[in-house]
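To keep things clear, I will list the structure first and then write my remarks on it.
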Amino acid sequence: MRTVDPTTIKDALMDTCGPGTSPRTRLVLERLVHHLHAFAKEVDLSHEEWRLGIDLLTRAGEITDRERNEFVLFSDVLGLSSLVDMLHSPKDATPSSVLGPFHILGAPEIPSGGDLIGDNEGDHVAVIGAIRSTDRSPVAGAVMEIWQTAANGLYSNQDTDQPEYNLRARLKVGEDGRFCFTTVRPAPYTVPTDGPVGTVLGAMDRHPWRPSHLHLIVEAPGHRSLVTELFPSDDPYLDEDAVYGVREALVTEYVPRTSTEDLPAELEARERLALPYFRVDFDISLARETEDQPREASRI
Ligand code: BEZ
Ligand code: FE
Numbered sequence: 126m127r128t129v130d131p132t133t134i135k136d137a138l139m140d141t142c143g144p145g146t147s148p149r150t151r152l153v154l155e156r157l158v159h160h161l162h163a164f165a166k167e168v169d170l171s172h173e174e175w176r177l178g179i180d181l182l183t184r185a186g187e188i189t190d191r192e193r194n195e196f197v198l199f200s201d202v203l204g205l206s207s208l209v210d211m212l213h214s215p216k217d218a219t220p221s222s223v224l225g226p227f228h229i230l231g232a233p234e235i236p237s238g239g240d241l242i243g244d245n246e247g248d249h250v251a252v253i254g255a256i257r258s259t260d261r262s263p264v265a266g267a268v269m270e271i272w273q274t275a276a277n278g279l280y281s282n283q284d285t286d287q288p289e290y291n292l293r294a295r296l297k298v299g300e301d302g303r304f305c306f307t308t309v310r311p312a313p314y315t316v317p318t319d320g321p322v323g324t325v326l327g328a329m330d331r332h333p334w335r336p337s338h339l340h341l342i343v344e345a346p347g348h349r350s351l352v353t354e355l356f357p358s359d360d361p362y363l364d365e366d367a368v369y370g371v372r373e374a375l376v377t378e379y380v381p382r383t384s385t386e387d388l389p390a391e392l393e394a395r396e397r398l399a400l401p402y403f404r405v406d407f408d409i410s411l412a413r414e415t416e417d418q419p420r421e422a423s424r425i
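Counting in the numbering used here, the sequence shown runs from 126 upward without gaps.
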């Protein structure tokens with residue numbers, strides 16, 4: 126231990142793990158330290174660069190509070206959040222995508238057919254679909270939480286001009302798994318750039334834009350919860366999402382329509398839709414709870 130050198134320091138560190146370290150924790154930490162040290166060696170990390178990294182993390186700590194987590198944003202813009210999502214998306218299920226920082230608890234419950242347009246400006250959209258298990262059987266008793274930006278690109282919790290739960294709802298899906306609702310078209314927006322993440326994006330000469338999207342959390346008895354997003358196929362930022370949340374299977378067509386005749390009768394706002402509106406058809410596939418269960422997480 127007294128004589129560690131660049132080739133032995135990682136093993137010296139791992140040798141300090143006591144017998145109470147779980148095998149999973151040992152594996153995760155060993156690989157983390159291995160790659161961290163390999164990275165420093167590979168780029169010949171200087172003291173100045175090390176200090177810069179520590180300064181970025183310190184600033185992330187200073188700006189993080191209950192409302193905003195700069196560490197999660199770092200994970201998002203460095204692709205780690207999406208990588209973990211992709212590693213654990215069950216086969217044949219609708220892919221998951223980033224949660225983002227703008228979800229809040231307490232959104233009002235609405236029945237299927239409910240309306241989120243309210244007093245919002247913007248293009249009207251009717252979203253119609255069904256929730257099924259990966260074996261195609263309909264899912265009963267699902268709840269779909271929806272949140273999105275207004276047409277100005279801001280969420281209700283970023284904009285004091287919007288009512289508290291504007292463009293947010295917990296939609297109770299029908300027993301047959303079918304759902305529909307009306308809303309306005311969400312807008313592209315930038316991830317926050319006033320903290321150290323903005324510094325890194327600037328250093329990389331990268332823009333901070335996300336394509337517009339509807340956020341969804343779908344929960345149903347006996348099924349794995351799904352956190353995901355739906356993106357319009359014509360969004361200009363679809364191929365350059367700052368947080369890498371787009372998946373081909375989450376890209377939806379916003380089809381312009383001038384008649385509401387073929388819309389489900391249960392859509393409350395059916396007769397109030399401004400023409401042309403957009404129709405979005407999207408079915409959701411949920412994995413059963415027993416499929417592809419994640420292993421026990423490492424304990425710290
Ligand atoms: C969002 O979609 O709300 C979001 C996701 C990641 C970072 C910032 C915002
Ligand atoms: Fe978002």
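Glycine included, each C-beta is placed from N, C-alpha and C at the ideal position.
My output table needs one value for ALA328: the three-state DSSP class, helix, strand or coil. Helix.
Would you tell me roughly how many angstroms separate the C-alpha atoms of ILE256 and VAL343, rounded to the nearest one? Near 9 Å, if we compare the C-alpha coordinates of VAL343 and ILE256.
Looking at the structure shown, is GLY254 part of a helix, part of a strand, or coil, going by DSSP? Looking at GLY254 - three-state DSSP - the assignment turns out to be strand.
What do you reckon, are the CB atoms on ALA345 and ALA218 nearer than 8 Å? It is not a contact, given that the beta carbons lie outside the stated cut-off.
Please output, in chain order, the residues near the ligand BEZ using a CB cut-off of less than 5 Å to any non-hydrogen atom of the ligand. Any residue whose Cβ sits closer than 5 Å to a heavy atom of the ligand BEZ makes the list: ASP201, VAL223, GLY225, PHE227, VAL316 and VAL368.
Would you identify the three-state DSSP class for ASP180, choosing helix, strand or coil? DSSP places ASP180 in helix when its eight states are reduced to three.
Just to confirm before moving on: does the CB-CB distance between PHE196 and GLY254 stay below 8 Å? Result no, Cβ atoms of PHE196 and GLY254 do not sit closer than 8 Å.
Once DSSP output is grouped into helix, strand and coil, what is the label at PHE196? Looking at PHE196 - three-state DSSP - the assignment turns out to be helix.
If we ignore side chains and look at the alpha-carbon of each, how far apart do HIS160 and VAL322 end up? Going by the C-alpha atoms only, they are around 22 Å apart.
For the ligand FE, I want to know if ARG335 counts as a neighbour, meaning its beta carbon is within less than 7 Å of at least one of the ligand's heavy atoms. Yes, Cβ of ARG335 sits closer than 7 Å to a heavy atom of the ligand FE.
So who's on the other strand from ILE409, going by DSSP bridges? In DSSP, ILE409 forms a bridge with ILE256.
Using 8 Å for Cβ pairs, my map puts SER221 next to THR353. What's the rounded Cβ distance? About 5 Å; that satisfies the 8 Å criterion.
Helix, strand or coil at ARG372 according to DSSP, with G and I counted as helix: Of the three classes helix, strand and coil, the one that applies to ARG372 here is coil, per DSSP.
Consult DSSP for VAL309 and reduce its assignment to one of helix, strand or coil. In the three-state scheme derived from DSSP, where H, G and I count as helix and E and B as strand, VAL309 is classed as strand.
Please state whether DSSP places ALA294 in a helix, a strand or coil. If DSSP states are grouped into helix, strand and coil, ALA294 belongs with the strands.
Measuring only the C-alpha atoms, how far is PRO233 from VAL168? Rounded to whole angstroms, PRO233 to VAL168 spans 51 Å at the Cα level.
DSSP three-state label for ASP140, please. DSSP places ASP140 in helix when its eight states are reduced to three.
Selected residue, minimal CA-CA separation from GLY278, among ARG261, VAL268, ASN245 and LYS166: Considering only alpha carbons, the answer is ASN245.
Three CB pairs or more closer than 8 Å across the stretch 182-190 and the stretch 320-336: Yes, they touch.
Ignore the nearest five residues each way along the sequence and tell me which others in GLY238's own chain have a CB closer than 6 Å to its CB. Correct list, in chain order: CYS305, GLU391, LEU392 and GLU393.
Beta-carbon proximity check, VAL298 vs ALA267, cutoff 8 Å: In this structure, ALA267 lies closer than 8 Å to VAL298 by Cβ.
Write down the C-beta distance between THR274 and ALA312 rounded to the nearest angstrom, noting that I regard them as a contact closer than 8 Å. ALA312 and THR274 do touch by the CB rule: their CB atoms are close to 5 Å apart, below 8 Å.
Using 8 Å as the threshold, is the C-beta distance between VAL316 and LEU198 below it? Cβ atoms of VAL316 and LEU198: closer than 8 Å.
For GLU270, is the classification buried or exposed, using 16 other Cβ atoms within 10 angstroms of its Cβ as the cut-off for buried? Result: buried.
Consult DSSP for ILE342 and reduce its assignment to one of helix, strand or coil. Strand at ILE342.
Write down the C-beta distance between THR307 and LEU355 rounded to the nearest angstrom, noting that I regard them as a contact closer than 8 Å. Between THR307 and LEU355 a beta carbon distance of about 15 Å is seen, past the 8 Å cut, so the two are scored as non-contacting.
What do you reckon, are the CB atoms on ASN282 and ILE229 nearer than 8 Å? Yes, they are a contact pair.
Pull up the CB-CB distance for ASP360 and PRO336, whole angstroms please, since I reckon it's below 8 Å. The beta-carbon distance between ASP360 and PRO336, rounded to whole angstroms, is 4 Å. This is short enough to meet the 8 Å contact definition.
Bounding residues of the alpha helix (DSSP H) (the contiguous stretch that carries GLU155): Segment 148-168, the alpha helix (DSSP H) holding GLU155.
Of the residues ASP364, ARG382, PHE407 and VAL380, the one placed nearest HIS332, counting alpha carbons only: Restricting attention to ASP364, ARG382, PHE407 and VAL380, the CA atom closest to the CA of HIS332 is found in ASP364.
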